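Novice: My structure is below; once you've seen it, I'll send some questions.
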Amino acid sequence: MSKNIALVEDDPAIRENYADALKRSGYTVETFSNRPEAMARFKTMLPQLAIIDIGLGQEIDGGFTLCRDLRGLSASLPIIFLSARDSDFDVVSGLRLGADDYLTKDVSLPHLMARIAALFRRVDAQAQPSRAEDVLQRGELVLDINRLNIEWKHQQVILTVTEFWMIHALVKFPGHVKNRDQLMREAEMVVDDNTITSHMKRIRKKFQVVDQSFDEIETVYGMGYRWKP
Amino acid sequence: MAITALSVSANKFLASIRTRLLAVSLVLLLIPYLGYRFVTSMEAFLRESQERSLTDSSRLLAATLSERPYLLARRTLPTVKGSALPQKVAPNPEGIAAPATTVTVPSTIAVTVPATPLTAATDGAVSVEATPLKPTQQPEIVAQTNTPPPILEPSSIAAEFANERAQILAVFGSDDPEAASQLGNLYVPSEEIERILKHVQRDASRMWVFDKAGKVRALVGSFKISPNLPPRNGSSMNSSGTLPAPPQWLNQLLSWVVPEFTSNAAVGVGDDPVSRANTVMQQADQALLGKRSTQWRQALDKQTVILSAAQPIWADGEIVGAAVVEETTGAIALLKTTALQNLLLVGVAVFLVGFLALFLFAARLTQRIRRLARRADAAIDPQGRLDTKSFFENDQQVSKDLLASDEIGDLARALNSTMTRLSSYNQYLENMGSRLAHELRTPVAVVRSSLDNLKASNIGIEETTYVNRAHEGVTRLSGLISRLSEGTQLERFLQTSEKEEIDLVVLLNGAVTGYMQAYPQQEMRFEHADITTVPCICVPDALVQMLDKLIDNARDFAAPQTPIVVCLRHALHGNGVVISVTNHGAALSKDIESTLFESMISRRTEGNANKAGHLGLGLYIVRLIAEHHQGVASAKNLLDAQGVLLGVEITVLLPLQPRIIPSQLSYKI
Numbered sequence: 000m001s002k003n004i005a006l007v008e009d010d011p012a013i014r015e016n017y018a019d020a021l022k023r024s025g026y027t028v029e030t031f032s033n034r035p036e037a038m039a040r041f042k043t044m045l046p047q048l049a050i051i052d053i054g055l056g057q058e059i060d061g062g063f064t065l066c067r068d069l070r071g072l073s074a075s076l077p078i079i080f081l082s083a084r085d086s087d088f089d090v091v092s093g094l095r096l097g098a099d100d101y102l103t104k105d106v107s108l109p110h111l112m113a114r115i116a117a118l119f120r121r122v123d124a125q126a127q128p129s130r131a132e133d134v135l136q137r138g139e140l141v142l143d144i145n146r147l148n149i150e151w152k153h154q155q156v157i158l159t160v161t162e163f164w165m166i167h168a169l170v171k172f173p174g175h176v177k178n179r180d181q182l183m184r185e186a187e188m189v190v191d192d193n194t195i196t197s198h199m200k201r202i203r204k205k206f207q208v209v210d211q212s213f214d215e216i217e218t219v220y221g222m223g224y225r226w227k228p
Numbered sequence: 000m001a002i003t004a005l006s007v008s009a010n011k012f013l014a015s016i017r018t019r020l021l022a023v024s025l026v027l028l029l030i031p032y033l034g035y036r037f038v039t040s041m042e043a044f045l046r047e048s049q050e051r052s053l054t055d056s057s058r059l060l061a062a063t064l065s066e067r068p069y070l071l072a073r074r075t076l077p078t079v080k081g082s083a084l085p086q087k088v089a090p091n092p093e094g095i096a097a098p099a100t101t102v103t104v105p106s107t108i109a110v111t112v113p114a115t116p117l118t119a120a121t122d123g124a125v126s127v128e129a130t131p132l133k134p135t136q137q138p139e140i141v142a143q144t145n146t147p148p149p150i151l152e153p154s155s156i157a158a159e160f161a162n163e164r165a166q167i168l169a170v171f172g173s174d175d176p177e178a179a180s181q182l183g184n185l186y187v188p189s190e191e192i193e194r195i196l197k198h199v200q201r202d203a204s205r206m207w208v209f210d211k212a213g214k215v216r217a218l219v220g221s222f223k224i225s226p227n228l229p230p231r232n233g234s235s236m237n238s239s240g241t242l243p244a245p246p247q248w249l250n251q252l253l254s255w256v257v258p259e260f261t262s263n264a265a266v267g268v269g270d271d272p273v274s275r276a277n278t279v280m281q282q283a284d285q286a287l288l289g290k291r292s293t294q295w296r297q298a299l300d301k302q303t304v305i306l307s308a309a310q311p312i313w314a315d316g317e318i319v320g321a322a323v324v325e326e327t328t329g330a331i332a333l334l335k336t337t338a339l340q341n342l343l344l345v346g347v348a349v350f351l352v353g354f355l356a357l358f359l360f361a362a363r364l365t366q367r368i369r370r371l372a373r374r375a376d377a378a379i380d381p382q383g384r385l386d387t388k389s390f391f392e393n394d395q396q397v398s399k400d401l402l403a404s405d406e407i408g409d410l411a412r413a414l415n416s417t418m419t420r421l422s423s424y425n426q427y428l429e430n431m432g433s434r435l436a437h438e439l440r441t442p443v444a445v446v447r448s449s450l451d452n453l454k455a456s457n458i459g460i461e462e463t464t465y466v467n468r469a470h471e472g473v474t475r476l477s478g479l480i481s482r483l484s485e486g487t488q489l490e491r492f493l494q495t496s497e498k499e500e501i502d503l504v505v506l507l508n509g510a511v512t513g514y515m516q517a518y519p520q521q522e523m524r525f526e527h528a529d530i531t532t533v534p535c536i537c538v539p540d541a542l543v544q545m546l547d548k549l550i551d552n553a554r555d556f557a558a559p560q561t562p563i564v565v566c567l568r569h570a571l572h573g574n575g576v577v578i579s580v581t582n583h584g585a586a587l588s589k590d591i592e593s594t595l596f597e598s599m600i601s602r603r604t605e606g607n608a609n610k611a612g613h614l615g616l617g618l619y620i621v622r623l624i625a626e627h628h629q630g631v632a633s634a635k636n637l638l639d640a641q642g643v644l645l646g647v648e649i650t651v652l653l654p655l656q657p658r659i660i661p662s663q664l665s666y667k668i
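The listed protein sequences correspond, in order, to chains U and R. In this text, residue positions in the first sequence follow numbering that gives the first Met the number 0: the first is 0, and each later residue adds one. In this text, residue positions in the second sequence follow numbering that gives the first Met the number 0: the first is 0, and each later residue adds one.
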């Protein structure tokens, strides 16, 4: 049975393009152009993944509202924000509302598909026991690649897919400096330098929530970041 | 240049509201002038009334004397030797004195007197007037001279006594011996008349009585005012207590100023100073002809004016004599002086108070206006950006001005609303980039997703080429759009970043090493002389980003096979460091030097613009980051000693803060 994806986007051209691409990848797609319409549908039947634009017609923050409501309906449903807005503030707001990822609209379709696939994989993996070959251990860090799950000192660190991939890129070869371009490539995103910096800052904070003294990610000025070996 | 500046500042001073208001306040000087005019007219009025009263008094005197015509009917004893009166008043060493000597003797002894003295060797003319004693009249002479009542002694004693009396009387008979002495033998005084005159005599006045022959029969009074009396004490102004006596220095000042006003009092008739009596004589002569007259003349001291009134004395239908009353206008002059002094005092006080009040008012006004102007000026920084928030809100005085209900309050409010509107428009412009980026992103997403879909569908090789090209274009467009909002993004990033303490040497060293790895074909050096550690409180990521931009810029302009030098040195002034990035290559043109660090300014030409496309934001970001650290970014052409261009140096001066203070962590927008 194919996965059911809800796409809430007010721009018809983008909506149709994305819907076509998703269908081509074998997903079932339901499209909505505004919040009430989408919400009405969600109440009767939940999708398995939702892609939501923040600005929905007249409601400039309609996507945020929808995300909150949807999170109310299901705690585990993967939600991706897809927006033209790229400000840090919007990213933080979106992620705080419980979205699993935040992408700007200039993401290419293959990148989008990769993320969706990753998210589904994570959901599926939750139900299965972890396989030893998919687990990467670096000191106190345990990285479950299949489930996109990270544990630090036996405590789970909740990360978005983007963040997970960044950590993965750093941890694969501890001590090696990953520059911004590499991190971007690994995370399959196209952003400016500041966004990478913001991401790294957020990742550090997430680790610090679990462990106050977390200081494994080192900034190598002018070059990038590395995981302390 | 200096002269122009000087004249400009002088003009500015003259044109300032304060100066103008003070100039206007000079109108206050009219107050003393008006007072002076008033005092002058008051003086004229007083003189007129004095003239009238003097005329009255002379008339009264004439009337009094006309009732006693016998007083003027002169009966003189034959004069011994008939010599003229000596001019000297003082008793001479021989003990024989007395110029004009009038001896009035009570009738009881009148008989004895003439008998004895005439044999004595008297040099003076002694005229003895036998005045019948009225029943009421007391023989006052005795009391006057303070001598014991005459005792009828042997003739020699009596003669001596009479002589002495004559001398005493001669000295004291006239209050103005000087005047009397000038009269010479015209002065034939009558003690009785002088006694009458003394009853009616007024202060600072002289009374003359002439008989028909033009001889002066009585001269009483003097113009001299007792010097013991301070002038102000006697004045009516002071007795009414209008003003307390001014301090000594002020008195001196006033006496220096006031005579300038008082001396030019109008005088009717001039006087021959040589003989003051002359005028009186002439007037008396006229009066003897039956003509009344009043006359003004100036006294010798040129300050007081003497008023004289002449009146014929009638008795039984014929003129028996003339009465002349003279009076100085000293009292009036004194009054006028006092009035002027008071006026000057009050005037100066009023002027000073008014001047001070206006000055304070003007100062306050200009201060408020200046403050507004200063704040309005400060609202726009040298880059032309508005900073209204810190502007009107942080200044308590200005926010007070905003509430003021006067015109300056209106001005402040108008300025405030202008600023607010301008700032919102400015904000709109500043956000234009990110807004534009946001708006462009959607159509780009449409194109990109369409291309992606197209690529995924089955298309021929030829179509794929075009699709790929279109894809390339869209990617480039995407990059441009990201960069368009980079400035805004950075500002947001800086706002949310916290400063931390790092070692600048380590940071720069790491960064330069990174660049060397990233661009192996580019020669690069990090020079920091003997500086081994520079603790710096900053946003390290931002500093690195700034360095990225500087290196990018240097690489783009570096001539082939030349090194890029990153240099760290201490600032020449103050506690700070300078980070400079130098490259060899083309010079900066003059016109771009000042705008180099502004948004959307690029000196790249078609030749050295790389593929990614430049929006001229690189150095703008350098500036933003430098300013966030209270630093200054600047660029200059680097010349060697011979003035030959070496390259371009872009420097960032960073002040070093001693340590992190919590308040420094909150940043202004």
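The C-beta atom is built at its ideal place from N, Cα and C for all residues, glycine as well. The model shown is predicted, which means the values in this text are computed figures rather than measured ones.
(1) Only counting runs of 3 or more residues, tell me where the beta strand (DSSP E) segments fall wholly within the stretch 50-90 of chain U, in order along the chain.
(2) Can you list the residues of chain R that K104 (chain U) reaches, using a CB-CB cut of under 7 Å?
(3) Would you kindly report the start and end of the unbroken beta strand (DSSP E) that includes K635 (chain R)?
(4) With contact counted as at least three CB pairs below 8 Å, one residue from each stretch, are the stretch 527-535 of chain R and the stretch 566-580 of chain R in contact?
(5) List the residues of chain U whose Cβ lies closer than 8 Å to the Cβ of V621 (chain R), in chain order.
(6) Does the Cβ-Cβ distance between A557 (chain R) and G513 (chain R) come in under 8 Å?
(7) So is S212 (chain U) buried or exposed if we call it buried at 16+ other beta carbons inside 10 Å?
(8) At least one CB of chain R closer than 8 Å to the CB of Y101 (chain U): is that the case?
(9) So R232 (chain U) contacts chain R; which residues on that side make the cut at Cβ distance below 7 Å?
(10) With DSSP collapsed to three states, give me the class of G320 (chain R).
(11) Listed in chain order, which residues of the stretch 507-518 of chain R have Cβ atoms closer than 9 Å to some Cβ of chain U?
(12) Taking 8 Å as the cut-off, does the stretch 156-166 of chain U touch the stretch 111-123 of chain U (at least 3 CB pairs, one atom from each stretch)?
(13) Is there contact between the stretch 350-366 of chain R and the stretch 8-16 of chain R, where contact requires at least three CB pairs shorter than 8 Å?
(14) Taking its Cβ as the centre, do 16 or more other Cβ atoms sit within 10 Å of Q310 (chain R), making it buried, or is it exposed?
(15) For P311 (chain R), which three-state DSSP category applies?
(16) Have a look at R14 (chain U) and R120 (chain U) and give me their C-alpha separation to the nearest angstrom.
(17) Cβ atoms of L69 (chain U) and F41 (chain U): under 8 Å apart, would you say?
(18) How about H627 (chain R) and A541 (chain R): do their beta carbons lie closer than 8 Å?
(19) Please list the terminal residues of the continuous beta strand (DSSP E) segment that includes G223 (chain U).
(20) Return the residue from the list R:F354, R:L414, R:L344 that minimises the CA-CA distance to A377 (chain R).
(21) By the DSSP assignment, the alpha helix (DSSP H) with T495 (chain R) in it spans what residues?
(22) Name, please, each residue of chain U whose Cβ falls closer than 7 Å to the Cβ of H437 (chain R).
(23) Less than 8 Å between the beta carbons of I649 (chain R) and A634 (chain R), yes or no?
(24) Between the stretch 338-348 of chain R and the stretch 309-324 of chain R, do at least 3 Cβ pairs fall closer than 8 Å?
(25) By the 9 Å beta-carbon criterion, what residues does the stretch 215-228 of chain U contribute toward chain R?
(26) Expressed to the nearest angstrom, what Euclidean distance is found between the alpha-carbon atoms of D214 (chain U) and S416 (chain R)?
(27) Could you name the residues of chain U that R420 (chain R) contacts, counting a contact when the two beta carbons are closer than 9 Å?
(28) Taking the CB atoms as reference points, tell me whether T440 (chain R) and D105 (chain U) lie closer together than 8 Å.
(29) Just reading off the alpha helix (DSSP H) that H110 (chain U) is part of, what are its end residues?
(30) Return helix, strand or coil for A528 (chain R), following the three-state DSSP convention.
(31) In whole angstroms, what separates the C-alpha of I166 (chain U) from that of E217 (chain U)?
(32) In chain R, which residues lie with their C-beta within 8 Å of the C-beta of Y17 (chain U)?
(33) Can you tell me whether H153 (chain U) is buried or exposed? The criterion is at least 16 other CB atoms within 10 Å of its CB, across all chains shown.
(34) Y224 (chain U): buried (16+ other C-beta within 10 angstroms of its C-beta) or exposed?
(35) What residue does the alpha helix (DSSP H) around T581 (chain R) start on, and which one ends it?
(36) So for E522 (chain R), helix, strand or coil by DSSP?
Specialist: Quick look at the numbers:
(1) 78-82
(2) R440, T441, A444
(3) Where K635 (chain R) is concerned, the enclosing beta strand (DSSP E) stretches over 631-638.
(4) yes
(5) Neighbours of V621 (chain R) on chain U: none; closest Cβ ~14 Å, over 8 Å.
(6) no
(7) Flag for S212 (chain U) reads exposed.
(8) So no, Y101 (chain U) is outside the interface.
(9) Outside the modelled stretch of chain U, which goes from 0 to 228, sits residue 232 (chain U), for which no answer is possible.
(10) Strand.
(11) Cβ contacts with chain U: L507, N508, G509, A510, V511, T512, G513, Y514, Q516, A517.
(12) yes
(13) yes
(14) Q310 (chain R) comes out buried.
(15) P311 (chain R): strand per DSSP, three-state reduction.
(16) 24 Å
(17) yes
(18) yes
(19) 223-226
(20) R:L414
(21) For T495 (chain R), the enclosing alpha helix (DSSP H) starts and ends at 485-495.
(22) A83, R84
(23) yes
(24) no
(25) T218, V219, Y220, G221, M222, G223
(26) 50 Å
(27) The premise fails here: R420 (chain R) is roughly 24 Å from chain U at the closest Cβ pair, so nothing lies under 9 Å.
(28) It is worth fixing the name first, because residue 440 (chain R) is Arg in this sequence and not Thr. Against a cut-off of 8 Å, the Cβ pair of D105 (chain U) and R440 (chain R) comes out as a contact.
(29) 108-126
(30) Of the three classes helix, strand and coil, the one that applies to A528 (chain R) here is coil, per DSSP.
(31) 12 Å
(32) S448
(33) exposed
(34) buried
(35) First-last for T581 (chain R): 575-583, but that is the beta strand (DSSP E), not the alpha helix (DSSP H).
(36) coil
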